[in-house]
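Inspection log for the structure reproduced underneath, given as structure tokens.
In the working numbering, the protein residues as written are 252 to 449.
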């Protein structure tokens, strides 16, 4: 059981409203500012910080090499270095990126019409299916009260993923051992305020 092996692995969630899916100028400016501060040395030093280090440690514990399969924050930071900046996408994507870059905690956005809290992280059971594909029993997944929603650390896909037609969202932060609830709350708040314009 995941709960027994990783009692501090958990999902936290927060509902929010997205009335306008166009990029928010203020969020774009914050992303540009974060990109301007970033260089290769800082990207390497990131691994030594408490929260990023906790995700790297968890990856190793579940058999993933974080140097081969990057943690969400390292993937975002290196992606920004290679692309030359944080290019605006849409309000939801920009908000999730902002929360990740400011806290190192990955946050995913679900269409609230297609999910039924509580949200938790668990192992896939026998004969469970995600997006029409059988899940490997024991694989770590994010699930609601009824079904698997996505594989752990993988972005959700339609119809559960928040998209251009979604106005009621459920934001989900993935917290690993060593990452406090306070940091998770901060990530959710940053994302929710950026999406709702608060």
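We treat Cβ as the ideally placed atom computed from N, Cα and C, and that holds for glycine.
Just the C-alpha distance for residue i and residue j, rounded to the nearest angstrom, thanks.
i, j, result
"residue 308", "residue 320", "13 Å"
"residue 410", "residue 403", "17 Å"
"residue 260", "residue 372", "7 Å"
"residue 424", "residue 339", "21 Å"
"residue 329", "residue 299", "16 Å"
"residue 398", "residue 382", "11 Å"
"residue 313", "residue 427", "11 Å"
"residue 351", "residue 257", "22 Å"
"residue 406", "residue 286", "22 Å"
"residue 440", "residue 297", "22 Å"
"residue 344", "residue 327", "12 Å"
"residue 284", "residue 376", "44 Å"
"residue 266", "residue 322", "25 Å"
Thinking residue i and residue j are a contact (beta carbons under 8 Å), I'd like their distance in whole angstroms, please.
i, j, result
"residue 358", "residue 422", "6 Å"
"residue 269", "residue 417", "6 Å"
"residue 341", "residue 274", "6 Å"
"residue 346", "residue 253", "That pair is no contact at about 28 Å."
Among the options, which one has its Cα closest to the Cα of residue i?
i, options, result
"residue 450", "346, 393, 431, 300", "Residue 450 is absent from the structure shown; the chain starts at 252 and stops at 449."
"residue 282", "261, 378, 348", "348"
"residue 303", "264, 290, 317", "317"
"residue 364", "391, 433, 412", "412"
"residue 293", "331, 262, 310", "331"
"residue 355", "305, 361, 267", "305"
Using the rule of at least 16 other Cβ atoms within 10 Å of the residue's Cβ for burial, across every protein chain shown, is residue i buried or exposed?
i, result
"residue 325", "buried"
"residue 385", "exposed"
"residue 435", "buried"
"residue 378", "exposed"
"residue 380", "exposed"
"residue 295", "exposed"
"residue 361", "buried"
"residue 333", "exposed"
When DSSP labels each residue in this structure, what does residue i get in the three-state scheme?
i, result
"residue 399", "strand"
"residue 426", "strand"
"residue 355", "coil"
"residue 346", "helix"
"residue 404", "coil"
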